[in-house]
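**Q**
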Amino acid sequence: MGRLKLQSGIKAIEEEPEDFDDTNSNRATLACMINTEVGAVLAVMRRNVRWGGRYMSGDDQLEHSLIQSLKVLRKQIFSWQHQWHAINPALYLQPFLDVIRSDETGAPITGVALSSVYKILTLDVIDQNTVNVEAAMHLVVDAVTSCRFEVTDPASEEVVLMKILQVLLACMKSKASAMLSNQHVCTIVNTCFRIVHQAGSKGELLQRLARHTMHELVRCIFLHLADIDNTECALVNRTTTVKQEIGGIDNDYAFGSKQIENGNANSEYDGQNSSANFASNTSLSLAATMVEDGTIGAGSGQEAVSFDLHLMTEPYGVPCMVEIFHFLCSLLNVVEHMGMGPRSNTVAFDEDVPLFALGLINSAIELGGPSIRHHPRLLNLIQDELFHNLMQFGLSMSPLILSMVCSIGPTIAAISVVFDHAEHEDVYQTCIDGFLAVAKISACHHLEDVLDDLVVSLCKFTTLLNPSSVEEPVLAFGDDTKARMATVTVFTIANRYGDYIRTGWRNILDCILRLHKLGLLPARVASDAADESELSADIGHGKPITNSLSAAHMPSMGTPRRSSGLMGRFSQLLSLDTEEPRSQPTEQQLAAHQRTLQTIQKCHIDSIFTESKFLQAESLLQLARALIWAAGRPQKGSSTPEDEDTAVFCLELLIAITLNNRDRIVLLWQGVYEHIANIVQSTVMPCALVEKAVFGLLRICQRLLPYKENLADELLRSLQLVSKLDARVADAYCEQITLEVSRLVKANAAHIRSQMGWRTITSLLSFTARHPEASEAGFDALLFIMLDGAHLLPANYILCTDAARQFAESRVGQAERSVRALDLMAGSVNSLERWACETKETMGEEEVVKMSQDIGEMWLRLVQGLRKVCLDQREEVRNHALLSLQKCLTGVDGIQLAHGLWLQCFDLVIFTVLDDLLEIAQGHSQKDYRNMEGTLTLAVKLLSKVFLQLLPELSQLTTFCKLWLGVLSRMEKYMKVKVRGKKSEKLQETVPELLKNILLVMKTKGVLVQRSALGGDSLWELTWLHVNNIAPSLQAEVFPDQDMGQSQVKLGETAGSLVSDSGHSSETVASEGAGSAG
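Here the sequence shown is numbered in my numbering, starting from 196 and rising by one per residue.
1. Do you know whose CA, among Ala338, Ser369, Ser311, lies nearest Thr325's CA?
2. Buried or exposed for Lys1177, please, with buried defined as at least 16 other CB atoms from any protein chain shown within 10 angstroms of its CB.
3. Do the CB positions of Pro881 and Ala927 come within less than 8 angstroms of each other?
4. Just mark Asn905 as buried or exposed, buried being the case when its beta carbon has 16 or more other beta carbons within 10 Å.
5. How far does the beta strand (DSSP E) with Val346 in it extend, from its first residue to its last?
6. Where do the N-terminal and C-terminal ends of the alpha helix (DSSP H) with Phe686 fall, by residue?
7. Closest to Ser637 by C-alpha separation, out of Pro662, Lys655, Ser593, His616, would be which residue?
8. What is the DSSP secondary structure of Gly234, reduced to helix, strand or coil?
9. Pick from Ala969, Leu1133, Glu1028: whose alpha carbon is nearest that of Leu988?
10. Among residues of its own chain, excluding the 5 on either side of Asp293, which ones have a beta-carbon nearer than 7 angstroms to its beta-carbon?
11. Starting from Pro510, follow its DSSP beta bridges and name the residues at the other end.
12. Identify which residue in Arg938, Leu418, Thr933 has its Cα closest to the Cα of Gly973.
13. So, for Pro549: in the same chain, excluding its five sequence neighbours on each side, which residues have a beta-carbon less than 6 angstroms away from its beta-carbon?
14. Per the DSSP calculation, Val1300 is bridged to which residue(s)?
15. Enumerate, from N- to C-terminal direction, the unbroken alpha helix (DSSP H) stretches of 4 or more residues contained entirely within the stretch 1104 to 1187.
16. Excluding the 5 residues flanking Thr835 on each side, which residues of the same chain have their C-beta closer than 6 angstroms to its C-beta?
17. Could you have a look at Gly398 and say whether DSSP puts it in helix, strand or coil?
18. Which residues bound the alpha helix (DSSP H) around Ala281?
19. Secondary structure at Gly827, three-state DSSP: helix, strand or coil?
20. By a C-beta neighbour count over all protein chains shown, 10 Å radius and 16 as the cutoff for buried, is Val861 buried or exposed?
21. Which residues mark the beginning and the end of the alpha helix (DSSP H) in which Met1053 is found?
22. From which residue to which residue does the alpha helix (DSSP H) around Ala985 run?
23. With DSSP as the reference, please indicate the residues paired to Gly301 in a beta bridge.
24. Beta-carbon within less than 8 angstroms of Lys903's beta-carbon, same chain only, minus the 5 sequence neighbours each way: which residues are those?
25. Counting only runs that start and end within the stretch 614 to 660, where is the alpha helix (DSSP H) found for 4 or more residues in a row?
26. Ends of the alpha helix (DSSP H) at Lys1082?
27. Classify Arg828 as buried or exposed, calling it buried when 16 or more other Cβ atoms lie within 10 Å of its own Cβ.
28. Measure the C-alpha to C-alpha separation of Leu1214 and Leu1112 and round it to an integer number of angstroms.
29. Between Asp675 and Thr658, how many whole angstroms is the CB-CB distance? I'm expecting something under 8 angstroms.
30. Pick from Phe582, Leu418, Thr1132: whose alpha carbon is nearest that of Gly512?
31. Below 8 angstroms on the Cβ atoms is my guess for Leu1131 versus Ala1116; work out the distance and round it to an integer in Å.
32. Can you grab the Cα-Cα spacing for the pair Asn1223 / Leu1077, in whole Å?
33. Just checking, does the stretch 387 to 404 make contact with the stretch 347 to 354 on the three C-beta pairs under 8 angstroms criterion?
34. Is it right to say His711 is buried, meaning 16 or more other beta carbons lie within 10 angstroms of its own, or is it exposed?
35. Would DSSP call Val1204 helix, strand or coil?
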C-alpha cells in the first residue's frame, strides 16, 4: 500500500559524524531540558493534596509509581552516555505518558505532563533516525488519545483539552510523523474531532483552537500525498468501486454519527468531581469499525479482515487519507443520521457542521490535488460520494453553505480534479455540467468570489494561458477536446453570468488576448452597437466564421502579426499565393483548424462587449479595469510590436464598451480618459497605439455629445490631450484629426454650449491654420460655425473670431482663404446686432445692461483682431482687412456702444493701425510690402468715414477736442509721408479732399464755429493751426464769408505765443488745449 517515502534511516547519521564536544554539549542540554520538565510535573504534584503527602514521604516504598518513575528518570538522564538518537525515547517519555494516562491525576498535573511531551516533540529530540522511534510515537498517540484526568472546574478542563490538541498536532508535524501508522493517524483525527464536537458547549477559545487544529491536521496529512509512492498493487485485483468498499461507514462510523450518539467522552462540570476520559472505549476505534462493518474490503471473511488490519498498521499513507476523506464527506449529511436534541438550533447546526466539513475538504483537495490522480480510491471518492453530497447542498437555502459549497472551496476543486484526470468525453461533459451548475447557483445568490474562482479554474483548462512550446498551437487546441470544452464553458459563463464576475475578467481577457495573438478572433470582436448597424448584411452578427484568416483583426497602422507554421500556410493557400511552392496542410490539420474556428464561434466572444450595456455597474467597471490592466502601462520607446498590438486590441475593446455604455459613461470615463492620456503623453513617435487612442477619443466625443450634454464640457476637455501630442505625432495625424474634429463640430455644434468646450474646439482648429495638409479641413469647420452666424454664440464669439484671424494671417494656401476668413470676421457683426436686439426684446433692464457690456467687449475684440490683419504683407489681404474693419466700425447701428468704448476703439484700433501702416510704409522696402500707397489711402479714408459717422455722438464728449486733434495729426502725417523717397501724389490729393469734407460737415453740424473772441476758443484755433499745415486754402473754402486775414494774423500770434511759452510743437499744444475744449 502507498506509504511515505523515508530517508535512508539511522545510517544517515553515520555518514556525518559529529564533533565529540558538540555531542556532549547537546546531550547535556537535552538532559537538562528533560530534568526541568520532570521537576515541573513533580512540583505541581507536590502542591496537590493527594500527591503532596506521598511526595514528602521519605520512604520510597510508600511513593506512588508515577512519582517513582519520574524520580528514576531524573537520576538516569545525566548518566546516559549514548547520543540521543541512540536512546530509546520510551525511557524519557514513559513517565510523562503514565501521568497523562492516569485517572488519579487532576487537570493541572495532566496539563503540565502534556506540556512536557509537547516540548520534547517540538524541539525535534525525536526524528526518523531515533532508535525505536515507531514504538515511541505509537506510545505518545495511544497515551494522549487515552488521556484521563479528574475534572475540578471547567477552565482547567479546557486547558487540558487545548494541550491534547497541541500534542496531537505536534505529533503530525514532527519529523518522526512518517513512522505513525494509518490507524494512529485516524485515531489522532478522531480524537480532535471529538474535542471539536465537545467544544460546542465550552468556551470560544477552545472552539476556535479545536477547529484550527483539525484544519492543520488535514493539511499536514494531505500535504504528504505527493510524497507517497504509487504502490497500490494490493488493490489491483479489486474491481469494485470505493462506494462498495466503504459503503457501510455512513451508518456506523468511528468519526461520524455513532460516536456522537453514544454519548460524551467526558462529563460536564456539575459542581462535583468527575472524570474525563478520552479512551477509545467511548467511540469505536477506526480499524475496529472498519473490520466490524466489513467496510474496507470488497470481499468478506478472515482474509479480508487480516488484510485490512495489516494496512492500518503500516506507516500512514493512502488508506488513512481515504478513510479521513470519506469521514469528511459523511459529515456533509450527518444531520440525516443523527437525532437533534429538543434545544438544538437546527438552522445553526445545519450550517455549522457542513461549513466546517467543507472547509476541511477544501484544504484536503487543495493540498493533495495534483497527486490525487495517482490514487484511484481518492479520485473515486471525489467523483462519487463528494459530488453526491455537494449536489444535495446545492439546494440549500443557506447563503453561507451555498457560498462554501460553490466556492473553490471543495466543489470547484473536486470537479477540477476529476476534469483534469478524466479521459472520456462523457466524463468531460458531466464535469462541464457541474461547472455550469456552480456558476448558475453562484449567480443566483450573488456569490461573486465563487464565480471568480470558477473562472480562474476553468481558464487553466483552456490551455490558452500555458506558455506554448507547441509548434502549431492552433492545431494542438483543435485536437484537445478538453481544452475546447473548457474554453466554450468559460465564455458561456462570461456571457450568461457576467453580472457577478469581478476579478475573473482578467483571466477571461488573458484567454481572449491569446486567441487574438493566434489570429483566431473575428474582425468585429471589438465592434460597438453602432458599428453593428453599419455592417452590411453579409457580415451580420452570428454568421459562421470561414476558414479564411483574412477576417482576423489587424491593427490599423501597426505591423501585421506574422503567421507562422500551419497558420501561415493556411493564409498563403487561401490567398492563392503561388510565388513559392508551399507544403499543403493535411486533412487532419484542416479538420483540427476547422474545429478550432467552430469552437471560437460558439464562444460568442464579441457578445461580451457588444452586450456590456446590460452588465451590472460593478462588473462593467471591473471589465474596464481588466482591459486597462491587460493593455499594460505604455513606456516611452520600449514596447515591442507584440506589446503594442495587445495594447491596441485592448484599447479597441475599451472604446467599444465605453460607446456601448453611453448612459453610464460617468462610471467608466475617468479610467478610460486616464488610460488614453497615459498613451498620448508617453508616445514620441507615430504608431498604431497613439493613433487608436486619439481617434478613439474623438469617436467617443462624437458619439456621446448628443446624449450627454451635462458631460459635454468633460468630454471636450479631454480633447485637449491632442494639443499635448509630441510634435512628430501631431504632425503625422494632424489632417485626419482635423477632419474628425470637423465631423464632430458639424454633428454636435448645437450640443456645445460652454466657453470651455468651444475653447477646446477652436484651439484645435487654430492649430491647423498653419499646417499645409490640415488647414483646409480646419477652415471648413470654422466656416461651418461662423457662416451667417449659424453656430456663433456669446460663449464662442471671441474664440471663433480669433481663430478666423489666425486663418486670415496664415500664408498657408491661397490669399483667397485669408480673404474669406476676413469676411467671416466682418460678417460676425450681424450676430452681435441680432443678440443686442433679442436682448432688448426678451430680457430685463439689468440683463440688457450686462449683455450690452458683453457685446461691446466682443465687438472691441473683433476690431482689434482685424487691426492686426491690416498689417499683413500681402496687399490683397491687407486692403481687404481695412475694408472689413471699416465695415465693422461703421455698420453697427443696431448695437448700443458706449462712448467710452468708441474712444478706446480710436486709441487702440484706428489711430494705432494708421500709425503702424505709416511706420511700415516708411521703414520697409517695396519688395516686402507692395503698393503701400493704396493701403495708406484706404486707411485715411477709413479714419474720415468713421469720424464723420460718429461725429454727432463724439462731439458731445468733453474729450472731443483731443480726439479731433488726433484725427488732424494723422492726416497731417499722411499728407507729408514719403513713399519710395517722395511724397505720394494720391495722398496729396486724397487727404485735403477728405479733410475738406470733414470740415464742411463739422460746420454744418455746428461743431466747428467761432464761439468767442480770438484767443478764447481753442478748438477753433487749434483746428486751423493743423489745417493750414495740411492745406492752407481750406479755411477760405470752408468759411468764405469769414474775415480770414485778421483771423490768420491773430491765429499766428496765438500759436506763436503758445509755442514760445511752452516750447512744444503745434501737435503738443493741440493735445494740451483739448482738455478745455467744449
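Beta carbons: idealized from backbone N, C-alpha and C, even for Gly.
**A** This is what the structure holds:
1. When the alpha-carbon of Thr325 is set against those of Ala338, Ser369, Ser311, the nearest one is in Ser369.
2. Label assigned to Lys1177: exposed.
3. Remark: C-beta atoms of Pro881 and Ala927 approach each other more closely than 8 angstroms.
4. So Asn905 ends up on the exposed side.
5. 343 to 346 is the span of the beta strand (DSSP E), which, as asked, contains Val346.
6. Looking at the DSSP string, the run of the alpha helix (DSSP H) that includes Phe686 is 676 to 692.
7. Answer by Cα proximity: Ser593.
8. Gly234 sits in a helix when the DSSP states are folded into three classes.
9. Answer by Cα proximity: Glu1028.
10. Taken in chain order, the residues that qualify are Leu261, Ser264.
11. Partner(s): Ser376.
12. Closest option to Gly973, Cα to Cα, is Thr933.
13. Taken in chain order, the residues that qualify are Leu527, Ile596.
14. Not covered by the structure: residue 1300. The range shown for the chain is 196 to 1273.
15. As far as the stretch 1104 to 1187 is concerned, its whole alpha helix (DSSP H) runs of at least 4 residues are 1106 to 1118, 1127 to 1149, 1155 to 1171.
16. Here Thr835 has no same chain residue with a Cβ atom under 6 angstroms from its own Cβ, once five neighbours each way along the sequence are excluded.
17. Coil.
18. No alpha helix (DSSP H) holds Ala281; DSSP gives it neither H nor E.
19. Here Gly827 sits in coil by DSSP.
20. Classification of Val861: exposed, given that the 10 Å Cβ count is below 16.
21. Met1053 -> alpha helix (DSSP H) spans 1040 to 1064.
22. Careful: Ala985 lies outside any alpha helix (DSSP H) and carries neither H nor E.
23. Beta-bridge pairing links Gly301 to Glu345.
24. Within the same chain, and ignoring the five residues on either side of Lys903 in sequence, the residues whose Cβ sits closer than 8 angstroms to its Cβ are Arg857, Ile860, Leu910.
25. Runs of the alpha helix (DSSP H) spanning 4 or more residues and lying entirely within the stretch 614 to 660 occur at 620 to 639, 643 to 656, in chain order.
26. Per DSSP, Lys1082 belongs to the alpha helix (DSSP H) from 1070 to 1085.
27. So Arg828 counts as exposed.
28. Answer to the nearest angstrom: the Cα atoms are 28 angstroms apart.
29. Taking a contact as a CB-CB distance under 8 angstroms, the pair Asp675 and Thr658 counts as one, their CB atoms being some 6 angstroms apart.
30. Looking at Phe582, Leu418, Thr1132, the one whose alpha-carbon comes closest to that of Gly512 is Leu418.
31. Between the beta-carbon of Leu1131 and that of Ala1116 there is about 6 angstroms, and that keeps the pair under the 8 angstroms contact cut.
32. Going from the Cα of Asn1223 to the Cα of Leu1077 covers about 28 angstroms.
33. Contact holds: three or more Cβ-Cβ distances are below 8 angstroms.
34. Under this definition His711 is a buried residue.
35. Residue state, collapsed to three classes: coil.
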